[in-house]
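Engineer:
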Amino acid sequence: MTDRARSCRVNSGKPLPRSAVLIVNAKSRKGRALFRHAVVKLREAGIDLVAAHAVRNPKALPMTVEQAIEGGAPMVIVGGGDGSLSCSVDMLVGRDTVFALLPLGTANSFARTLGIPLDLDGAVGVIAHGQRRRVDLGMIDRDYFANCATIGIAPMIADTIPPGLKKWLGRPGYLAWALIQLTRFRPFRLTIGQGEKAETIDALEVRIANGPYHGGAEVVDEAEVDSGEIVVQAVTGRSAWTLGWSWLLTVLRLPARRRTTREYHGRELRIATDPPLPISIDGEVLAHTPATAKVARAVIEVAAPA
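The sequence shown begins at 203 in the numbering used here and counts up by one.
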């Protein structure tokens, strides 16, 4: 478990519920194949599954989660990628329902942030033997997100990547498509803040982070899931190949990566770009600039490693 996972705020000491509803995005990379295995393993671990849903239409996922909460489920287990988790967390804000996850996607960034194992047995073990932790969510305007929102090439990838490439090749396929899109990419002007305190810079990518991981890689070192602040990290420059160089330095965890970025911290930050650009929220294009990024402090309880 990472230091970040250890630092997550522990709740009042109440144990995790032993009763839950399982909801799996059957369109996620491993969702359909592992749904039945997940049902069996959760029951073998002592979790009473009141209901289990394999959702074939991802757009129906939030409604299914909301119905489970309205039905009184003490814990909702969502299986899927970061997009599945992000569209689910909105339903849990202000509720007593515990949010548990099975990382069945490509990057699984939120699971990495919480220190949850990426294999099915390990994730089930956390649900059966872990503990409640209260964590922050990020927000873009009124839309909650679990991990990271991005401006730049990530929305281009999310809009254009062939579904089969991501499903069958996973992260290598995602990275290969990113390199193809890099040849079409153009830099933009980024403004952080408003009025006299506003700062405008040349940017290649913007990461709005509630946690350190993006695309399965540890990218925003200072972002914490329980820090009470949002971190906006901008890759600076005018050349698309500078962005590629920044990615390489980041993946290799080299100190020089810090010289390619600027970071802004706060509870709320106004973000504008010239030209206006789409914003990808945990892998799904759901907003556009200008927008306000902020943190929702300690608003959901999750099942996390003990």
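For glycine and all other residues, C-beta sits at the position ideal for the given N, C-alpha and C.
What does a CB cutoff of less than 6 Å around Thr-452 pick up in its chain, not counting 5 residues either side in sequence?
Structural biologist: Hits under 6 Å: Val-421 and Arg-459.
Engineer: When we look at the beta-carbon of Arg-409 and count the other beta-carbons within 10 Å, is it buried (16 or more) or exposed?
Structural biologist: So Arg-409 ends up on the buried side.
Engineer: List the whole-angstrom C-beta distance separating Ala-247 from Ala-330, where the pair is believed to meet the contact cut-off of C-beta under 8 Å.
Structural biologist: Confirmed, about 4 Å.
Engineer: Is it buried or exposed, Pro-414, if we count other Cβ atoms within 10 angstroms and call 16 or more buried?
Structural biologist: The residue is buried, with at least 16 neighbouring Cβ atoms inside 10 Å.
Engineer: What does a CB cutoff of less than 6 Å around Ala-400 pick up in its chain, not counting 5 residues either side in sequence?
Structural biologist: The answer, listed in chain order, is Thr-393.
Engineer: Closest to Val-504 by CA distance: which of Ala-262, Gln-333 and Ala-436 is it?
Structural biologist: It is Gln-333 whose Cα lies nearest to the Cα of Val-504.
Engineer: Quick check on DSSP: helix, strand or coil for Asp-250?
Structural biologist: Three-state DSSP puts Asp-250 in a strand.
Engineer: Whole angstroms are fine: how far does the CA of Ala-442 sit from the CA of Gly-281?
Structural biologist: So the two alpha carbons sit approximately 35 Å from each other.
Engineer: With a CB to CB cut of under 6 Å and the five nearest residues on each side skipped, what residues in its chain are close to Ala-419?
Structural biologist: Closer than 6 Å at Cβ, skipping near neighbours: Val-453.
Engineer: For Ile-473, which of Ala-508, Gly-397, Ala-256 and Trp-447 has the nearest alpha-carbon?
Structural biologist: Closest option to Ile-473, Cα to Cα, is Gly-397.
Engineer: Smallest Cα separation from Asp-554: which of Ala-309, Gly-317, Pro-305 and Val-278?
Structural biologist: A question about residue 554 goes unanswered here, because the residues of the chain that appear run from 203 up to 508.
Engineer: Among Glu-470, His-255, Lys-232 and Arg-469, whose alpha-carbon lies nearest the alpha-carbon of Val-241?
Structural biologist: Per the Cα distances, His-255.
Engineer: Under a Cβ-count criterion, where at least 16 other Cβ atoms within 10 Å of its own Cβ denotes burial, should Lys-216 be classed as buried or exposed?
Structural biologist: It is exposed - the Cβ of Lys-216 has fewer than 16 other Cβ atoms within 10 Å.
Engineer: Return the CA-CA distance between Gly-446 and Thr-438, expressed in angstroms with no decimal places.
Structural biologist: Near 12 Å, if we compare the C-alpha coordinates of Thr-438 and Gly-446.
Engineer: Using the DSSP secondary-structure output, state which residues sit across from Met-265 in a beta bridge.
Structural biologist: BP columns for Met-265 are empty, so no partner.
Engineer: Please tell me whether Gly-285 and Gly-417 are closer than 7 Å, where the distance is taken between their beta carbons.
Structural biologist: Taking 7 Å as the Cβ cut-off, Gly-285 and Gly-417 do not qualify as a contacting pair.
Engineer: Round the Cβ separation of Ala-511 and Val-434 to the nearest angstrom and send it over; I've been treating them as touching at under 8 Å.
Structural biologist: This structure leaves residue 511 out entirely; the chain is present only between 203 and 508.
Engineer: Measure the Cβ-Cβ separation of Lys-232 and Val-326 and say whether it is below 7 Å.
Structural biologist: In this structure, Val-326 does not lie closer than 7 Å to Lys-232 by Cβ.
Engineer: If we call anything under 7 Å between Cβ atoms a contact, is Val-501 one with Leu-303?
Structural biologist: Not in contact: Val-501 and Leu-303 (Cβ atoms no closer than 7 Å).
Engineer: Going along the chain, which residues of its own chain have a beta-carbon closer than 7 Å to the beta-carbon of Glu-431, five neighbours each way excluded?
Structural biologist: Result list for Glu-431: His-467, Gly-468, Arg-469 and Val-497, in chain order.
Engineer: Please classify Pro-457: is it buried, with 16 or more other beta-carbons within 10 angstroms of its beta-carbon, or exposed?
Structural biologist: That one is exposed.
Engineer: If you follow the beta strand (DSSP E) that Gly-332 is part of, which residue opens it and which one closes it?
Structural biologist: Looking at the DSSP string, Gly-332 is not in any beta strand (DSSP E), and its letter there is neither H nor E.
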